[in-house]
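Enquirer: Before I ask anything, let me first share the structure, which is written out below as C-alpha coordinates.
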Amino acid sequence: MMLILTFLSFLLLQESTVDQVIRTVTADRLRSHIAVLAHDSLEGRGPASAGDVKATAYIVSQFKKFGLLP
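Okay, so the sequence shown: first residue is -12 according to my numbering, each after it adds one.
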(Lines of atoms letter the chains of each structure in order from A and count residues from 1; the text may use other names and numbers.)
(Lines give C-alpha, C1' and ligand atoms only; values in the text may rest on other atoms or scores of the structure.)
Protein backbone atom coordinates (compact mmCIF):
# COMPACT_ATOMS: atom_id res chain seq x y z
CA MET A 1 0.00 0.00 0.00
CA MET A 2 2.88 2.35 0.78
CA LEU A 3 4.25 1.72 -2.69
CA ILE A 4 0.95 2.79 -4.23
CA LEU A 5 0.77 5.95 -2.13
CA THR A 6 4.35 6.82 -3.06
CA PHE A 7 3.55 6.25 -6.73
CA LEU A 8 0.50 8.52 -6.60
CA SER A 9 2.37 11.18 -4.62
CA PHE A 10 5.13 11.40 -7.22
CA LEU A 11 2.56 11.73 -9.98
CA LEU A 12 0.79 14.54 -8.19
CA LEU A 13 4.00 16.40 -7.31
CA GLN A 14 4.91 16.94 -10.94
CA GLU A 15 3.24 20.29 -11.65
CA SER A 16 3.53 19.92 -15.40
CA THR A 17 1.43 16.77 -15.31
CA VAL A 18 -1.06 17.51 -12.55
CA ASP A 19 -3.84 18.43 -14.96
CA GLN A 20 -3.11 15.39 -17.12
CA VAL A 21 -3.15 13.09 -14.10
CA ILE A 22 -6.34 14.58 -12.68
CA ARG A 23 -8.13 14.06 -15.99
CA THR A 24 -7.14 10.39 -16.09
CA VAL A 25 -7.65 9.36 -12.45
CA THR A 26 -10.79 7.28 -11.99
CA ALA A 27 -11.84 4.74 -9.42
CA ASP A 28 -11.53 1.97 -12.02
CA ARG A 29 -7.99 2.99 -12.97
CA LEU A 30 -6.95 3.13 -9.31
CA ARG A 31 -8.46 -0.31 -8.72
CA SER A 32 -6.54 -1.57 -11.74
CA HIS A 33 -3.20 -0.24 -10.44
CA ILE A 34 -3.90 -1.65 -6.98
CA ALA A 35 -4.81 -5.02 -8.48
CA VAL A 36 -1.52 -5.16 -10.40
CA LEU A 37 0.61 -4.14 -7.41
CA ALA A 38 -1.25 -6.45 -5.00
CA HIS A 39 -1.28 -9.49 -7.31
CA ASP A 40 0.19 -12.75 -6.00
CA SER A 41 2.66 -12.79 -8.90
CA LEU A 42 4.56 -9.98 -7.17
CA GLU A 43 5.25 -12.33 -4.26
CA GLY A 44 4.80 -9.69 -1.57
CA ARG A 45 7.25 -7.24 -3.15
CA GLY A 46 9.94 -7.88 -0.54
CA PRO A 47 13.16 -5.86 -0.98
CA ALA A 48 15.36 -7.20 -3.78
CA SER A 49 12.84 -9.94 -4.60
CA ALA A 50 11.54 -10.82 -8.05
CA GLY A 51 8.22 -9.26 -7.03
CA ASP A 52 9.96 -6.02 -6.11
CA VAL A 53 11.61 -5.91 -9.53
CA LYS A 54 8.24 -6.51 -11.24
CA ALA A 55 6.52 -3.81 -9.16
CA THR A 56 9.31 -1.35 -9.92
CA ALA A 57 9.07 -2.09 -13.65
CA TYR A 58 5.31 -1.52 -13.55
CA ILE A 59 5.66 1.81 -11.76
CA VAL A 60 8.40 2.93 -14.15
CA SER A 61 6.16 2.09 -17.11
CA GLN A 62 3.33 4.12 -15.59
CA PHE A 63 5.65 7.09 -14.95
CA LYS A 64 6.77 6.99 -18.58
CA LYS A 65 3.15 7.12 -19.77
CA PHE A 66 2.90 10.55 -18.11
CA GLY A 67 6.34 11.68 -19.23
CA LEU A 68 7.79 11.45 -15.72
CA LEU A 69 11.26 10.28 -14.85
CA PRO A 70 11.36 7.29 -12.50
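The beta-carbon is built from N, C-alpha and C at its ideal position, and this holds for glycine as well. All figures in this text were calculated on a predicted structure; none of them were measured in a lab.
Quick one: Cα of alanine 22 to Cα of aspartate 6, how far?
Expert: Answer to the nearest angstrom: the Cα atoms are 24 Å apart.
Enquirer: Report yes if the C-beta distance between leucine 17 and leucine -10 is below 8 Å; otherwise report no.
Expert: No.
Enquirer: Do you know offhand how far lysine 41's Cα is from glutamine 49's?
Expert: Going by the C-alpha atoms only, they are around 12 Å apart.
Enquirer: Take valine 12 and list the residues in its own chain whose beta-carbon comes closer than 7 Å to its own, dropping the five residues that flank it on each side.
Expert: Result list for valine 12: empty, nothing under 7 Å.
Enquirer: So serine 36 is in the alpha helix (DSSP H); what residue range does that whole segment cover?
Expert: No alpha helix (DSSP H) holds serine 36; DSSP gives it neither H nor E.
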